[in-house]
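Asker:
In the numbering used here, the protein residues as written are 1 to 121.
1. Determine the burial state of residue 48: buried for a count of at least 16 other Cβ atoms within 10 Å of its Cβ, exposed for fewer.
2. Let's see if you can read the secondary structure: which residues bound the beta strand (DSSP E) around residue 106?
3. The beta strand (DSSP E) that contains residue 89, what's its start and end?
4. By the three-class DSSP mapping on this structure, what secondary structure does residue 30 have?
5. Figure out for me which residue from 79, 19, 114 has the closest Cα to the Cα of residue 35.
6. In this structure, how does DSSP classify residue 40 when only helix, strand and coil are distinguished?
7. Taking just the CA atoms, how far does residue 95 sit from residue 65?
8. Pull up the DSSP beta-bridge partners for residue 95, would you.
9. By the three-class DSSP mapping on this structure, what secondary structure does residue 50 have?
10. Hey, residue 56 and residue 82: beta-carbon distance below 8 Å or not?
11. Can you tell me which of 120, 114, 22 puts its alpha carbon nearest to the alpha carbon of residue 7?
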């Protein structure tokens, strides 16, 4: 996916219902140029990409389509690597629900948490 390449992240671990990824900070990810914080949309997109990979790791002919998402921003994402872990909480024939947590240095100090729903086609 072209946008995934723009985000410049790597999947660190992947199994049937979980995915963990790391995104390297780049100037194009900046939302606040004075403080050098991640843009909120970049954080949400990185979390969505991690969730989509957890739902459909093989990225079949047609990837899972996001139909709804909720993101709670808990603290600023500062300059440095960003991590995300996606947990598939429910996966049926037509829909999947995935919770995602994003953090930087300590997992207990989350930058954002989100809930993503995907249509499986």
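Glycine included, C-beta positions come from ideal geometry on N, C-alpha and C.
Answerer: Looking at the coordinates:
1. To locate residue 48, count along the chain shown from 1; it is residue 48. With 16 or more other Cβ atoms within 10 Å, it is buried.
2. For the purposes of this step, residue 106 is taken as residue 106 along the chain shown, with counting starting at 1. Per DSSP, residue 106 lies in no beta strand (DSSP E) and is assigned neither H nor E.
3. Sequence index remark: in the chain shown, residue 89 carries index 89 (1-based). First-last of the beta strand (DSSP E) with residue 89: 82 to 91.
4. Taking the first residue of the chain shown as 1, we reach residue 30 at position 30. Residue 30 falls in the strand class under three-state DSSP.
5. Locating residue 35 in the chain shown gives position 35, where the first residue counts as 1. Out of 79, 19, 114, 79 has the C-alpha closest to the C-alpha of residue 35.
6. Residue numbering aside, residue 40 sits at position 40 when the chain shown is read from its first letter. The answer is helix: DSSP assigns residue 40 an H, G or I state.
7. Translated into the one-based positions of the chain shown, residue 65 becomes position 65. Translated into the one-based positions of the chain shown, residue 95 becomes position 95. Approximately 9 Å, taken between the alpha carbons.
8. Translated into the one-based positions of the chain shown, residue 95 becomes position 95. For residue 95, which the question treats as bridged, DSSP gives the partners 119.
9. Within the chain shown, numbered from 1, the residue matching residue 50 stands at position 50. In the structure shown, residue 50 sits in a helix (DSSP, three-state: H, G or I).
10. As a working mapping, residue 56 is identified with position 56 in the chain shown. As a working mapping, residue 82 is identified with position 82 in the chain shown. Contact flag unset, no.
11. Here residue 7 corresponds to residue number 7 of the chain shown, with the count starting at 1. Looking at the Cα atoms, 22 is the closest of the given residues.
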